[in-house]
């Protein structure tokens, strides 16, 4: 019984750590690539509900990329959204945005 309990505790701890790491990586990517235009992140993350963020990040972030690539105001970000780095980091950005979505009740701190 104690071996099963220990296994469950270790698995839970590992899973929880992995999930937090992804949100942290998304926050770090946001700070590096998005903060210049979108500032501290409270407005942008809270601008959409979880369902809306999920739709924007479907197909490796194609919706979010299109939103930026169609906007002349976002011209500074075009190179990033066309890059392989964006496709690679999309999962983490999605986790970050979902964590701090309008309907999540959480507030990001991107200082």
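Numbering (this note's numbering), first residue to last: 230 to 340.
All residues carry an ideal CB built from backbone N, CA and C; glycine is no exception.
Contacts around residue i, its chain only, beta-carbon distance under 7 Å, and the 5 residues preceding and following it disregarded
| i | result |
| --- | --- |
| residue 254 | 321 |
| residue 301 | none |
Close Cβ partners of residue i (< 8 Å) along its chain, the five nearest in sequence each way excluded
| i | result |
| --- | --- |
| residue 314 | none |
| residue 292 | 284, 285, 286 |
| residue 333 | 279, 327 |
Rounded Cβ spacing between residue i and residue j (contact assumed at less than 8 Å)
| i | j | result |
| --- | --- | --- |
| residue 316 | residue 289 | 5 Å |
Where residue i sits in the DSSP three-state scheme
| i | result |
| --- | --- |
| residue 335 | coil |
| residue 330 | coil |
| residue 266 | helix |
| residue 299 | coil |
| residue 306 | helix |
| residue 278 | coil |
Same chain, Cβ closer than 6 Å to residue i, neighbours up to 5 away in sequence not counted
| i | result |
| --- | --- |
| residue 336 | none |
| residue 267 | 273 |
| residue 303 | 297 |
| residue 323 | 286 |
| residue 195 | Absent from the structure is residue 195, since the part of the chain shown begins at 230 and ends at 340. |
CB of residue i within 9 Å of CB of residue j, strictly
| i | j | result |
| --- | --- | --- |
| residue 279 | residue 327 | yes |
| residue 318 | residue 265 | no |
| residue 310 | residue 258 | no |
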